[in-house]
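Visitor: Before I ask anything, here is the structure I am working with.
Residue numbers (this note's numbering), protein chains in the order written: chain B, 37 to 583; chain V, 12 to 122; chain D, 504 to 730.
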């Protein structure tokens, strides 16, 4: 089923003036306060950082083709997985959906002209760039080898690598994240269009609201912790160094108090994207809207109560471990609620299989597997067996790559016509989605088995009997890499040569589709007023799809 | 939220109270309340902070959203403090399956 | 809810009214202060734990601080909160020159606070109690703090916290003072009045928050075990 055609038969044309052509020159971009341009600045930066992170991943998988550690020395390997983690977590996954899609879409979705604090938004991007520059500086100067988790006292006392610049890079990027969250919270509270009550908001907005709460409450803790790591390295304070009376477990508490909620910063926006896509491509109102909205808040809240599940073998008390284990089971519930609601939305929907929807299906399946394996890890007794093995690595990659990155790509494709005024080539889109799905599963499903069989993470040499699974994983990674490279090529191509898109090529509901493609700088020619619930698609039985 | 202008006498009153409480802070530090020493010091500090928040920062006259943010921030701080110190406090409460000893220098009674 | 300042020069194009803009600014500043609570909070957590574990060391180290200077500084900051509140009050009434005066008073009090901190930091420096930069040999430290040599090692934890916490606090004041100066300048030009004095109010919130941090730092750092 092709996307619902507009009622006008002639080919759409780009609007005469829009946010991309209203001004030219580097100053109009580097000094912009337009949330849409800032979103594109972020798109460029996060794509660059993703390329760095992906390169480290490629080198890791290359090394792991053979049991012997023969591509790089173990010290170098330590740097590879550390930099892969640091770049992917702090400079790709945390910013990507909020800073690219959230920035672009939230004002449009609520009928506003911009975010509440446009100049702060630009500052957020500059802080991100400074943080990234510090990270790249560290990379170029020889990297860091502490693991992205910076465990002490190795990171504060014994490592000979560029811990301070990396930690400071993540520190600065953290403030970028805080300011973005702050901007979103104020915007959503204070700038909704007339008639747009909280329970008429798109679930994408709810998801970003919940994410922003986490950003505000959690990120300052990691900021402080990384600052202390840097200070400890320079001034030998001793907070986390047993030789001076300090406690490494205290570092872990401080680190994970943020870094567990951080994974919800990474996945909640993705879930918001999925809600939008699943509704549009089923042509059906999302099932259980308020449950999905409230589950985002529940995830944000409960997510702060479980950090100790990263510390079961750290020396943390068993009693605390039991409590954290139980709470970790609890936090799975709101995520499951979302999966059930998305599935129920599909039921009796009018489903079409455009590229974004392919990513939706990928997400729902892979996120479910990732989430279920999280329960394995939440069970303290089982975790002691599989912690620090490839089981954990597989678990979080299922969520972060099978989940978050798929949602990011799905969202990018879905809103590409809105962002650029162009359609991407659908056949290439579908091919890439398929490659990503196949490549992903081949890369990471063997890792569950490897971990369960006992292969430790962060080792570049392994026993011979693990080689077959490792080779499969590396083969999958190469397919996944192609799946990521293709959209880079055809999306850029489409900006010049793609078919011109109408304002609403998908026939989707949502205020952003009432703006032109691409939108005006001020988004709407006249202030929209909202009189209907979200996802107001016609009921599915026997009715034609409504534009 | 209409602009509410707080009368100057309220500010002066709060100011005097804050200075008085500072005096009490020092006095209380010289007393021995046994196990409650820290509690007393913190209680006085919390009282001072509350006065600043309510009157100097206008939260008393502000929206419920503002009040919620203040409560929320403090609650989250408490969560972090209590959650982490609970680990240290509860070391040894449950026997480890491998018979290992859990310990920390953390102790609750007496200062 | 629209305000009389429909085309007020300070009204940004993406807000529907000055009231809406002010509400947004207020919410934004409070969200910022909320994250500041968690930011400083991490240090308070480290403090709470090590104070409990190494209480005798913390007590002895705390005695080396001059509680009278600490109390004086507390009073100075409380005064500066009053002058700040008065500045907001004056700005809200459109009394630009009075607001400027109160803001300058706040700056002066802030400078006095920082001056005392310089004196205190210098004192610690001369006694070799600055971890990482100028920490005396264990015997000297032990003698200075009336501790055993073994315990003197852990005194580094106390003084690291002292410098980290008061240093971070002082940094926040140093950032605030030029902002106060900028506000004083604009107040003197008559930029603020009943319909628009948001920057003064927001800076006030920030300044009061910095005062609150000190309200906790004073007893926790200066007054351990004074009985």
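Each residue gets a CB set at the ideal place from its N, CA and C atoms; glycine is no exception. Just so we're clear, the structure is a prediction, and the values are computed from it rather than from any experiment.
1. DSSP on residue 578(B), reduced to helix/strand/coil?
2. Within 10 Å of its beta-carbon, does residue 89(V) have 16 or more other beta-carbons around it, so buried, or fewer, so exposed?
3. Going by DSSP in three states, residue 97(B) sits in which element: helix, strand or coil?
4. Quick one: does residue 649(D) have its CB under 7 Å from some CB of chain V?
5. Whose CA, out of 119(B), 127(B), 373(B) and 57(B), lies closest to the CA of residue 83(B)?
6. Give the straight-line distance between the Cα atoms of residue 691(D) and residue 529(D), rounded to the nearest whole angstrom.
7. Strictly below 9 Å CB to CB, what residues from chain B border residue 523(D)?
8. List the whole-angstrom C-beta distance separating residue 670(D) from residue 591(D), where the pair is believed to meet the contact cut-off of C-beta under 8 Å.
9. In chain order, what residues of the same chain lie with their CB nearer than 7 Å to the CB of residue 48(B), ignoring the 5 residues before and after it?
10. Which residues bound the alpha helix (DSSP H) around residue 672(D)?
11. Within 10 angstroms of the Cβ of residue 63(V), are there 16 or more other Cβ atoms? Answer buried if so, exposed if not.
12. Would residue 117(V) pass as an interface residue toward chain D - the criterion being a Cβ-Cβ separation below 7 Å?
13. Does the contact criterion of 3 or more C-beta pairs under 8 Å hold for the stretch 269-288 of chain B versus the stretch 207-222 of chain B?
14. Rounding to the nearest angstrom, what Cα-Cα distance links residue 569(B) and residue 145(B) in this structure?
15. Does the stretch 73-93 of chain B touch the stretch 156-172 of chain B, meaning 3 or more C-beta pairs lie closer than 8 Å?
16. With a threshold of 7 Å between beta carbons, is residue 713(D) in contact with chain V?
17. How many angstroms separate the CA atom of residue 505(B) from the CA atom of residue 548(D)?
18. From residue 60(B) to residue 74(B), what does the alpha carbon distance come to, in whole angstroms?
19. Straight-line CA distance for residue 34(V) to residue 48(V)?
20. Flag residue 253(B) as yes if its beta-carbon sits less than 7 Å from any beta-carbon of chain V, otherwise no.
21. Using DSSP with H/G/I as helix, E/B as strand and the rest coil, what is residue 636(D)?
22. Whole angstroms are fine: how far does the CA of residue 697(D) sit from the CA of residue 596(D)?
23. Against chain D, with Cβ distances strictly below 7 Å, would residue 80(V) count as a contact?
24. Under the DSSP definition of a beta bridge, which residues are partnered with residue 696(D)?
25. Please go through the same chain and pick out, in chain order, the residues whose beta-carbon is closer than 7 Å to the beta-carbon of residue 78(V), but skip the five residues on each side of it.
26. So is residue 50(V) buried or exposed if we call it buried at 16+ other beta carbons inside 10 Å?
27. Quick one: is residue 114(V) buried, meaning 16 or more other Cβ sit within 10 Å of its Cβ, or exposed?
28. Does residue 214(B) get closer than 7 Å to chain V when you measure Cβ to Cβ?
29. Are the Cβ atoms of residue 255(B) and residue 214(B) separated by less than 7 Å?
30. Is any beta-carbon of chain D found at less than 7 Å from that of residue 309(B)?
31. Please state if the CB of residue 560(D) and the CB of residue 630(D) are separated by a distance shorter than 7 Å.
32. Do residue 384(B) and residue 328(B) have their CB atoms nearer than 7 Å?
33. Could you tell me the alpha carbon to alpha carbon distance between residue 557(D) and residue 654(D), rounded to whole angstroms?
34. Tell me, to the nearest whole angstrom, how far the beta carbon of residue 56(V) is from that of residue 718(D); I am working on the premise that it is less than 8 Å.
35. Report the rounded CA-to-CA distance for residue 280(B) versus residue 687(D), giving the unit in angstroms.
36. Quick check on residue 22(V): buried or exposed, where buried means 16 or more other Cβ atoms within 10 Å of its Cβ?
Guide: Let's see:
1. If you number the first chain from 1, residue 578(B) lands on position 542. Confidence in residue 578(B) is poor, its pLDDT being 43 and thus under 50, which makes the residue's placement unreliable; the coordinate value appears in the next sentence. Of the three classes helix, strand and coil, the one that applies to residue 578(B) here is coil, per DSSP.
2. Locating residue 89(V) in the second chain gives position 78, where the first residue counts as 1. The residue is exposed, with fewer than 16 neighbouring Cβ atoms inside 10 Å.
3. Position 61 of the first chain, counted from the start, is the residue given in the question as residue 97(B). The answer is helix: DSSP assigns residue 97(B) an H, G or I state.
4. By 1-based counting over the third chain, the position of residue 649(D) is 146. Residue 649(D) has a beta carbon lying at 7 Å or more from every beta carbon in chain V.
5. Along the first chain, read from residue 1 onward, the residue named residue 83(B) stands at position 47. Of 119(B), 127(B), 373(B) and 57(B), the residue nearest in Cα terms is 127(B).
6. Stepping through the third chain from its first residue, residue 691(D) is reached at position 188. Stepping through the third chain from its first residue, residue 529(D) is reached at position 26. Distance between the alpha carbons of residue 691(D) and residue 529(D) is about 23 Å.
7. Residue numbering aside, residue 523(D) sits at position 20 when the third chain is read from its first letter. Ordered by position in chain B, the residues that pass the 9 Å Cβ test against residue 523(D) are 226 and 227.
8. Walking along the third chain from the start, residue 670(D) turns up at place 167. Walking along the third chain from the start, residue 591(D) turns up at place 88. Not a contact, Cβ separation roughly 28 Å.
9. Taking the first chain and counting its residues from 1, the one referred to as residue 48(B) is at position 12. 536, 537 and 538.
10. To locate residue 672(D), count along the third chain from 1; it is residue 169. Where residue 672(D) is concerned, the enclosing alpha helix (DSSP H) stretches over 652-691.
11. Residue mapping note: residue 63(V) aligns to position 52 of the second chain, counting from 1. Label assigned to residue 63(V): buried.
12. As a position in the second chain, residue 117(V) is number 106, starting the count at 1. With 7 Å as the cut-off, residue 117(V) counts as an interface residue toward chain D.
13. no
14. For the purposes of this step, residue 569(B) is identified with residue 533 of the first chain, where counting begins at 1. For the purposes of this step, residue 145(B) is identified with residue 109 of the first chain, where counting begins at 1. One C-alpha to the other measures close to 13 Å.
15. Between the stretch 156-172 of chain B and the stretch 73-93 of chain B, the count of C-beta pairs closer than 8 Å reaches three or more; the two stretches touch.
16. Along the third chain, one-based indexing puts residue 713(D) at 210. No, no contact with chain V.
17. In the first chain, the residue the question calls residue 505(B) occupies position 469. In the third chain, the residue the question calls residue 548(D) occupies position 45. Going from the Cα of residue 505(B) to the Cα of residue 548(D) covers about 44 Å.
18. For the purposes of this step, residue 60(B) is taken as residue 24 along the first chain, with counting starting at 1. For the purposes of this step, residue 74(B) is taken as residue 38 along the first chain, with counting starting at 1. So the two alpha carbons sit approximately 14 Å from each other.
19. Position 23 of the second chain holds residue 34(V). Position 37 of the second chain holds residue 48(V). Looking at the two C-alpha atoms, the distance is approximately 16 Å.
20. Counting from 1 along the first chain, the entry for residue 253(B) is found at position 217. Yes, contact with chain V.
21. Here the question's residue 636(D) lines up with position 133 in the third chain. Note: residue 636(D) maps to coil in three-state DSSP.
22. Locating residue 596(D) in the third chain gives position 93, where the first residue counts as 1. Locating residue 697(D) in the third chain gives position 194, where the first residue counts as 1. Rounded to whole angstroms, residue 596(D) to residue 697(D) spans 5 Å at the Cα level.
23. Residue 80(V) sits at position 69 when you count from the first residue of the second chain. So yes, residue 80(V) belongs to the interface.
24. For the purposes of this step, residue 696(D) is identified with residue 193 of the third chain, where counting begins at 1. Answer by DSSP bridge pairing, in chain order: 699(D).
25. As a working mapping, residue 78(V) is identified with position 67 in the second chain. Within the same chain, residue 78(V) has close Cβ partners 70.
26. Translated into the one-based positions of the second chain, residue 50(V) becomes position 39. By the 10 Å Cβ count, residue 50(V) comes out exposed.
27. Translated into positions along the second chain, residue 114(V) becomes position 103. Classification for residue 114(V): exposed.
28. For the purposes of this step, residue 214(B) is taken as residue 178 along the first chain, with counting starting at 1. False, the Cβ-Cβ gap to chain V never drops below 7 Å.
29. Residue numbering aside, residue 255(B) sits at position 219 when the first chain is read from its first letter. Residue numbering aside, residue 214(B) sits at position 178 when the first chain is read from its first letter. Yes, the Cβ-Cβ distance between residue 255(B) and residue 214(B) is below 7 Å.
30. Here the question's residue 309(B) lines up with position 273 in the first chain. No, its Cβ sits nowhere closer than 7 Å to a Cβ of chain D.
31. Here the question's residue 630(D) lines up with position 127 in the third chain. Here the question's residue 560(D) lines up with position 57 in the third chain. No, these two residues do not count as a Cβ contact at 7 Å.
32. Numbered from 1 along the first chain, position 348 holds the residue referred to as residue 384(B). Numbered from 1 along the first chain, position 292 holds the residue referred to as residue 328(B). Taking 7 Å as the Cβ cut-off, residue 384(B) and residue 328(B) do not qualify as a contacting pair.
33. The count along the third chain starts at 1 and reaches residue 557(D) at position 54. The count along the third chain starts at 1 and reaches residue 654(D) at position 151. Our two residues, residue 557(D) and residue 654(D), have alpha carbons roughly 9 Å apart in a direct line.
34. The sequence position of residue 56(V) within the second chain is 45, counting from 1. The sequence position of residue 718(D) within the third chain is 215, counting from 1. Yes, they are in contact, since the Cβ atoms of residue 56(V) and residue 718(D) sit about 5 Å apart, within 8 Å.
35. Position 244 of the first chain, counted from the start, is the residue given in the question as residue 280(B). Position 184 of the third chain, counted from the start, is the residue given in the question as residue 687(D). Rounded to whole angstroms, residue 280(B) to residue 687(D) spans 47 Å at the Cα level.
36. As a position in the second chain, residue 22(V) is number 11, starting the count at 1. Label assigned to residue 22(V): buried.
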